[in-house]
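Participant:
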Amino acid sequence: MPKQKTYALGIDLGGTKTLAAVVDVHTGEVLASARKRTRAERGADFVSQRTIELATAAIQSANLDASDNLVAIGVGAAGMIDRQNGVIIDAPNLGVRNMQLGQILQKQFNVPVAVGNDVEVAARGEFFYGSGRGYSNFICVFVGTGIGSGIVQEGHLYTGSTGTAGEIGHMVIQAGGRICGCGARGCLEAYASRTAITRAIMAEIHHGRQSVLASDAQRQLKQGETIIRSGILADAIRQKDELTIEVVEEAANYLGIALGSIMNVYNPESIILGGGVIEAIDLLFDTAEHRARTAALATPARRTPIHKAKLGDFSGVVGAACMGAMATGIQLDGDAQDNGKQKK
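Quick note: to get our numbering, add 11 to the position in the sequence shown (first position is 1).
(1) Go through its chain and collect everything with a Cβ distance to residue 323's Cβ below 8 Å, but skip five positions before and after it.
(2) Leaving out the 5 sequence neighbours to the left and right, which residues in its chain are closer than 6 Å to residue 116 when beta-carbon positions are compared?
(3) Can you name, in chain order, every residue of its own chain whose Cβ lies under 6 Å from the Cβ of residue 136, other than the five neighbours on each side?
(4) Among 86, 318, 111, which has the Cα closest to the Cα of residue 131?
(5) Mind the definition here: the stretch 59-74 touches the stretch 147-164 only if three or more C-beta pairs lie below 8 Å; say whether that holds.
(6) To which residues of the same chain is residue 315 closer than 7 Å at the C-beta, ignoring the five residues directly before and after it?
(7) Apart from the five residues just before and just after residue 312, which ones in its own chain have a Cβ nearer than 6 Å to its Cβ?
(8) Identify the continuous beta strand (DSSP E) that holds residue 313 and give its terminal residues.
(9) Less than 6 Å between C-beta atoms, sequence neighbours within five positions excluded: which residues of the same chain meet that for residue 163?
(10) Starting from the C-beta of residue 101, find all residues in its chain whose C-beta is less than 7 Å away, skip the five residues before and the five after it, and write them out in chain order.
(11) Can the beta-carbon of residue 104 be found less than 8 Å from the beta-carbon of residue 157?
(12) Among 39, 82, 334, 46, which one has its Cα closest to the Cα of residue 26?
(13) Which residue's Cα is closest to the Cα of residue 140: 320, 265, 339, 342?
(14) Distance check for residue 343 and residue 207, CA to CA, integer angstroms please.
(15) Could you tell me if residue 297 is buried or exposed, where buried requires 16 or more neighbouring beta carbons within 10 angstroms of its beta carbon?
(16) Looking at residue 34: is its Cβ nearer than 8 Å to the Cβ of residue 88?
(17) Pull up the CB-CB distance for residue 29 and residue 49, whole angstroms please, since I reckon it's below 8 Å.
(18) Name, in chain order, the residues that DSSP records as bridge partners for residue 193.
(19) Can you tell me which of 191, 106, 170 puts its alpha carbon nearest to the alpha carbon of residue 10?
(20) Taking only three categories from DSSP, how would you classify residue 265?
(21) Would residue 31 and residue 73 qualify as a contact pair, given that the criterion is a beta-carbon distance under 8 Å?
(22) Tell me the rounded alpha-carbon separation between residue 270 and residue 179.
(23) Are the CB atoms of residue 20 and residue 99 nearer to each other than 8 Å?
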């Protein structure tokens, strides 16, 4: 007998875009969704209101009523999270600190709310319904406005003693290097995120380098965009734009070095790469994978598969919805089918 549908709302609150979706947590099916640019530069109040707006739009599009048909809301937000109290403690790419997001959403929709880190919940989505099925120990790395990762250990998310495990974007790969949004120097995020790629390209154009991106990118940035869209970067690569290819390959090599270090230190069963820039640009994924295998020790380099996130843009919202449902005591059986058994 098919399991009764159980719906939760998942929200992926990122530095560039916010996506909300109603999800059947027993199948991972997305019933309806809504998305808009986050516009973090407009402040915390705007971000919270935009989140409410998109949540409402997704619920209405699914023809549901929040208090009657949704069991919970789950949110994955970019930054450091107080999971117990549903607070975004510090999110440099969102420009917010100590945002009581769980409380705000619970008051608005009158259902339980769970809040976690955005890549952590994306890892949960991939674990139940994506490329993580069949693995009990893996790392999920997402490249977007910033870079983050989620760690699945023995079938459970590992968050560390202070709840900040997985901050691969702040692994120092160049001592004394570029300034990062966190305030430190030389972080991976300052070299391999879409923000870093944008800054490197625009700096070269400013100094006279020729590029097919010169007019489009400058127009986009003048319109209030803070980073070049992944699709525009992919188009430039298809046109064999020398500058774009050079910068993307450099970013991918830095990412690959970090992934090779993960293989050596953590020795996961697999690594999953996701995020808009990974999805759109094969050159980034392929170069990072090759560099990771040259940077890692021989045995893990040979035996660690590197996959793209299967759920794509919906990894975060599916994982967030699952997190919200599980926080209410609902048991999900996606892992009972084949998770915890290592793929051959």
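Using N, Cα and C, we set each Cβ at its ideal position, and we do this for glycine too.
Facilitator: For this structure:
(1) As a working mapping, residue 323 is identified with position 312 in the sequence shown. Setting aside the 5 residues that flank it on each side, residue 323 is surrounded in the same chain by 285, 290, each with a C-beta closer than 8 Å to its C-beta; the list follows chain order.
(2) Taking the sequence shown and counting its residues from 1, the one referred to as residue 116 is at position 105. Around residue 116: 84, 124.
(3) By 1-based counting over the sequence shown, the position of residue 136 is 125. Contacts found: 322, 326, 329, 330.
(4) Residue mapping note: residue 131 aligns to position 120 of the sequence shown, counting from 1. Nearest C-alpha to residue 131: 86.
(5) Too few Cβ pairs lie closer than 8 Å, so no.
(6) For the purposes of this step, residue 315 is taken as the residue at position 304 of the sequence shown. Counting only Cβ-Cβ distances below 7 Å, and skipping sequence neighbours, we find 274, 279, 281, 282.
(7) As a first step, residue 312 is located in the sequence shown; it is residue number 301 there, counting from the start. Closer than 6 Å at the Cβ level, and outside the excluded window around residue 312, lie 304.
(8) Reading the sequence shown from its first residue, position 302 is the one you call residue 313. Segment 309-314 is the alpha helix (DSSP H) holding residue 313; no beta strand (DSSP E) there.
(9) Against the sequence shown, residue 163 aligns to sequence position 152. Contacts found: 134, 138, 149.
(10) Within the sequence shown, residue 101 is the residue found at index 90, counting from 1. 90, 91, 108, listed in sequence order.
(11) Within the sequence shown, the letter at position 93 stands for residue 104. Within the sequence shown, the letter at position 146 stands for residue 157. In contact: residue 104 and residue 157 (Cβ atoms closer than 8 Å).
(12) For this step, residue 26 is matched to residue 15 along the sequence shown. Residue 26 has its Cα closest to that of 46, out of 39, 82, 334, 46.
(13) The residue you call residue 140 lines up with position 129 of the sequence shown. The option with the nearest alpha carbon to residue 140 is 320.
(14) Within the sequence shown, numbered from 1, the residue matching residue 207 stands at position 196. Within the sequence shown, numbered from 1, the residue matching residue 343 stands at position 332. Rounded to the nearest angstrom, the two C-alpha atoms are 38 Å apart.
(15) On the sequence shown, position 286 is the one that residue 297 refers to. Answer is exposed; the Cβ neighbour count stays below 16.
(16) The residue you call residue 34 lines up with position 23 of the sequence shown. The residue you call residue 88 lines up with position 77 of the sequence shown. Contact annotation: residue 34 and residue 88 have beta-carbon atoms that are not nearer than 8 Å.
(17) Along the sequence shown, read from residue 1 onward, the residue named residue 29 stands at position 18. Along the sequence shown, read from residue 1 onward, the residue named residue 49 stands at position 38. Yes, residue 29 and residue 49 are in contact; Cβ-Cβ is about 5 Å, under 8 Å.
(18) Numbered from its first residue, the sequence shown carries residue 193 at position 182. Paired residue(s): none; residue 193 is not in a bridge.
(19) Residue 10 falls outside the range modelled here, since the chain spans only 12 to 355, and no answer is possible.
(20) Reading the sequence shown from its first residue, position 254 is the one you call residue 265. Of the three classes helix, strand and coil, the one that applies to residue 265 here is helix, per DSSP.
(21) Here the question's residue 31 lines up with position 20 in the sequence shown. Here the question's residue 73 lines up with position 62 in the sequence shown. Not closer than 8 Å, so no.
(22) The sequence position of residue 270 within the sequence shown is 259, counting from 1. The sequence position of residue 179 within the sequence shown is 168, counting from 1. Spanning the two alpha carbons is a distance of roughly 9 Å.
(23) For the purposes of this step, residue 20 is identified with residue 9 of the sequence shown, where counting begins at 1. For the purposes of this step, residue 99 is identified with residue 88 of the sequence shown, where counting begins at 1. Contact flag unset, no.
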